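Chains as they are written, first to last, in numbering that gives the first Met the number 0: chain A, 0 to 309; chain B, 0 to 309. A short worksheet on the structure shown next.
2 protein chains.
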Amino acid sequence: MQKVTIGIDLGGTNIHTLVVDHRGKVLGRDHSPSEAQVSLRRVIDNVAASAKNAARDAGIELADICCLGVGAAGTVDHKRGVVSEAPNFRGWRNVPLGRELSRRLTRPVVVENDANVAALGESWLGAGRKCSSMVLVTLGTGIGGGVILDGKIWRGSAGAAGEVGHHSIKYDGIQCVCGNQGCFERYAGASGLVRAMRRQGNSKLRGAITARDVYLAAKAGDQQALAALEEYGVLLGVGLANIVNIFNPQLIVLAGGVTNAGSLIFKPARREMKRRALTVPGKTCKVVKALLPEDAGALGAARLALLSKR
Amino acid sequence: MQKVTIGIDLGGTNIHTLVVDHRGKVLGRDHSPSEAQVSLRRVIDNVAASAKNAARDAGIELADICCLGVGAAGTVDHKRGVVSEAPNFRGWRNVPLGRELSRRLTRPVVVENDANVAALGESWLGAGRKCSSMVLVTLGTGIGGGVILDGKIWRGSAGAAGEVGHHSIKYDGIQCVCGNQGCFERYAGASGLVRAMRRQGNSKLRGAITARDVYLAAKAGDQQALAALEEYGVLLGVGLANIVNIFNPQLIVLAGGVTNAGSLIFKPARREMKRRALTVPGKTCKVVKALLPEDAGALGAARLALLSKR
């Protein structure tokens, strides 16, 4: 019988679960609320229920699964299956998520950071299919990062590597929530785009605007919004050039809502990256859009389970 | 018979060669000028002669050596043994250094970037002995970097990884020779210390001062020089925090002349790193001084040769 596994993407709001075979073919799925605001126990119960629902959807028994994989937002100690710290799940500190899920599902469970599994998913079946080294950069409210080196997740010594959103691109710049100043995510996260928009004079967009408002206005031809996206793309390119000079990856994959603006941000970002990066790594690195925006996390979690020796 | 090898550190000015056994015990050595200003052929002849001298010093035959290792300044294509680009050796482009040396010495030769072999040397026998992940940061005129992940050099997809000196910590900052703006090495390289000194008013140090002048004045109690080192240390800490958040290494090893200032720069640099880095990676990363400033490159090159399957 071919190997089948379950990959789970556990976010602050939703649980996204896929049953896949060893080639990544989706055999079943489930989508549930995580209810992080209720309690820790509720979240874990919901994850276990989602795994069972997805197995039912695929017409398989949990007993046929060798191992399950979970990607969770936060700092994860992969070896012990523990979520050390999770800003999106209030009060989660040193949660033994792997052990708790394994007990409920009577199967081995591997746990990993959500950006890391998303990177693994893109590298397995998405934009990074032909690459052994890539960095996934998720542009959202914050900026997440997942680093794949020689085909494997680079976790760092404490499971905290790849926090590219929290590297300073302006040491005396904007104060970040993390305590640092001038973090990349202050400029190239959603708030950076809104700030770039506010810097444009005479805009029709006023009040509490979102990154999406700016992008939609730009699509409709708004000159200020177009200028804001250009400015935003340049600052995105600054951080990408740093990633390129530090990691020399084959590929940077950009994910997150703002990538829907397409060439309006990719063009200035790529140009600025090439302008700033050293010749060899700059020339050899491509910057592309994620191919699996919805499923990358669950697929990467499944991949991790398949690779696991448990 | 135990495995013996030769490690060579090839710099723009000097060639430093060591004969070592499989434990890194030094059995012989040679130190020669590289004469990079004469010609490419002269440099390669000098490296070959240095290897022969060191073998003679150790009382061994070249035929007893399984493989030699060379660390060379520049971008190195390790797989092909080619120096793609080397700013310190004018006119070197795509130099097949491995093949040329192998021909002259009739032994296999592996070639690697100099910062990378220095990192490997520190990780083998120096400050990183007990660590599987470390980043070596060499503070000189420029800033070099070597990244060891899971005990191995991270080379990147084109052999250009680890250029931590050329990541921007101020996107609208000082123009760098590399084309980028606000590079870490503009602030934490030797010129950064001189600039910090110039910012102090009323200094006795005037005219064409060097980083060494500042450090010596500080040791003699000069208040402006002490303030300059403090300011420099803080900017060093900014870049270290970025490295910590991106790689989450166990250890950062600082090398280069300016590290002789000891706690005058280590103290502000560590404090600023901890202040800016995320909690988990910041807490778990130590920042220490290199233990093998002279020999790290040659030892690392020897280690690479020992690990090589040639």
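For every residue, glycine included, the Cβ atom is placed at its ideal position computed from N, Cα and C. The model shown is predicted, which means the values in this text are computed figures rather than measured ones.
8 Å Cβ cut-off: residues of chain B touching residue i
| i | result |
| --- | --- |
| Glu84 of chain A | Thr278 and Val279 |
| Ser132 of chain A | Gly155 and Ser156 |
| Leu135 of chain A | Going along chain B, no residue has its Cβ under 8 Å from Leu135 of chain A, so there is no contact; the nearest lies around 14 Å. |
| Leu234 of chain A | Tyr170 |
Cα-Cα separation between residue i and residue j, rounded to whole angstroms
| i | j | result |
| --- | --- | --- |
| Ser132 of chain A | Ser156 of chain B | 7 Å |
| Ala159 of chain B | His30 of chain B | 27 Å |
| Lys218 of chain A | Leu225 of chain A | 8 Å |
| Cys182 of chain B | Thr283 of chain B | 26 Å |
| Ile64 of chain A | Asp56 of chain A | 14 Å |
| Asp76 of chain B | Gln223 of chain B | 44 Å |
| Glu230 of chain B | Ser190 of chain B | 13 Å |
| Lys266 of chain B | Gly232 of chain B | 7 Å |
| Ala54 of chain A | Trp123 of chain A | 22 Å |
| Leu66 of chain A | Leu306 of chain A | It is Cys, not Leu, that sits at residue 66 of chain A in the sequence shown. Near 10 Å, if we compare the C-alpha coordinates of Leu306 of chain A and Cys66 of chain A. |
| Gly125 of chain B | Asp294 of chain A | 44 Å |
| Gly120 of chain B | His15 of chain B | 14 Å |
| Pro280 of chain A | Ala304 of chain A | 32 Å |
| Ala118 of chain B | Arg128 of chain B | 11 Å |
| Leu104 of chain B | Gly23 of chain A | 50 Å |
| His21 of chain A | Ala301 of chain A | 9 Å |
| Arg205 of chain A | Ala35 of chain A | 33 Å |
| Asp44 of chain A | Gly139 of chain B | 55 Å |
| Gly144 of chain A | Asn247 of chain A | 15 Å |
| Tyr170 of chain A | Gly164 of chain B | 15 Å |
| Lys51 of chain A | Lys151 of chain A | 28 Å |
| Ile168 of chain B | Pro95 of chain B | 35 Å |
| Gly220 of chain B | Lys203 of chain B | 12 Å |
| Ala260 of chain A | Leu215 of chain A | 8 Å |
| Ala85 of chain A | Arg270 of chain B | 25 Å |
| Gly299 of chain A | Cys130 of chain B | 28 Å |
Partner residues on chain A for residue i, Cβ-Cβ distance less than 7 Å
| i | result |
| --- | --- |
| Asn179 of chain B | Ala240 and Arg275 |
| Ala159 of chain B | Asn247, Leu277, Val279 and Pro280 |
| Thr283 of chain B | Ser156 and Ala157 |
| Leu253 of chain B | By Cβ distance, chain A contributes nothing, its closest Cβ being about 17 Å from Leu253 of chain B, past 7 Å. |
| Val237 of chain B | Ser167 and Tyr170 |
Proximity below 8 Å, CB of residue i to CB of residue j
| i | j | result |
| --- | --- | --- |
| Arg340 of chain A | Asn241 of chain B | Nothing about residue 340 of chain A can be read from this structure; chain A reaches only from 0 to 309. |
| Gly6 of chain A | Asn87 of chain A | no |
| Val213 of chain B | Val237 of chain B | no |
| Gly70 of chain A | Val116 of chain A | yes |
| Ala289 of chain A | Leu17 of chain A | no |
| Ser33 of chain A | Val42 of chain A | yes |
| Ile251 of chain A | Val146 of chain A | no |
| Leu39 of chain B | Gly80 of chain B | no |
| Met196 of chain B | Ala227 of chain B | yes |
| Glu184 of chain B | Ile142 of chain B | yes |
| Leu277 of chain B | Cys175 of chain A | no |
| Ser83 of chain B | Asn93 of chain B | yes |
| Ile187 of chain B | Leu235 of chain B | Here residue 187 of chain B turns out to be Ala, not Ile, going by the sequence shown. Contact: yes. |
| Gly68 of chain B | Thr4 of chain B | yes |
| Arg198 of chain A | Gly256 of chain A | no |
| His254 of chain B | Pro292 of chain B | The displayed chain sequence assigns Ala, not His, to residue 254 of chain B. Closer than 8 Å, so yes. |
| Asp149 of chain B | Asp8 of chain B | no |
| Leu26 of chain B | Val19 of chain B | yes |
Within chain A, partners of residue i - CB distance below 9 Å
| i | result |
| --- | --- |
| His165 of chain B | Ala240, Asn241, Asn244, Ile245, Arg275, Ala276 and Leu277 |
Distance cut-off 7 Å: residue i Cβ against heavy atoms of the ligand HEM
| i | result |
| --- | --- |
| Arg55 of chain B | As for the ligand HEM, it is missing from this structure, which has no ligand bound. |
Closer than 8 Å at the beta carbon, the chain A residues around residue i
| i | result |
| --- | --- |
| Gly143 of chain B | None at all; the shortest Cβ gap to chain A is about 12 Å. |
| Trp123 of chain B | Per Cβ cutoff of 8 Å: no residues; Trp123 of chain B is ~18 Å from chain A at best. |
| Gln249 of chain B | Ser156 |
| Leu148 of chain B | Leu148 and Trp153 |
Contact list for residue i against chain B, beta-carbon separation under 9 Å
| i | result |
| --- | --- |
| Lys329 of chain A | In this structure chain A extends from 0 to 309, so residue 329 of chain A is not present and cannot be described. |
| Glu184 of chain A | Within chain B, no residue comes near Glu184 of chain A; the closest Cβ sits about 11 Å away, beyond 9 Å. |
Residue-level contact to chain C via CB, residue i, 8 Å cutoff
| i | result |
| --- | --- |
| Glu162 of chain B | Absent from the structure: chain C. Protein chains present are A and B. |
Open item on the list: Going residue by residue through the stretch 252 to 290 of chain B, where are the continuous alpha helix (DSSP H) segments of at least 4 residues, counting only ones entirely within it?
Closed with: 262 to 275 and 278 to 283
- [ ] Only counting runs of 4 or more residues, tell me where the alpha helix (DSSP H) segments fall wholly within the stretch 59 to 124 of chain A, in order along the chain.
- [x] 96 to 104 and 113 to 124
Open item on the list: If we require 3 or more residues per run, which beta strand (DSSP E) segments fall completely within the stretch 129 to 212 of chain A?
Closed with: 133 to 138 and 142 to 148
Task: Start-end ranges of the beta strand (DSSP E) lying completely within the stretch 3 to 56 of chain A, minimum 3 residues - done: 3 to 9, 13 to 20 and 25 to 32
Task: Residues, ordered as in the chain, of the stretch 96 to 126 of chain A that lie near chain B by beta-carbon distance below 9 Å - done: none
TODO: With 9 Å as the limit, tell me which residues of the stretch 54 to 81 of chain A have their beta carbon closer than that to any beta carbon of chain B; keep them in chain order.
DONE: Thr74
Open item on the list: Counting only Cβ-Cβ distances shorter than 9 Å, please list the residues of the stretch 204 to 232 of chain B near chain A, keeping chain order.
Closed with: none
Open item on the list: So if I threshold CB-CB distances at 9 Å, which residues from the stretch 25 to 48 of chain A count as touching chain B?
Closed with: none
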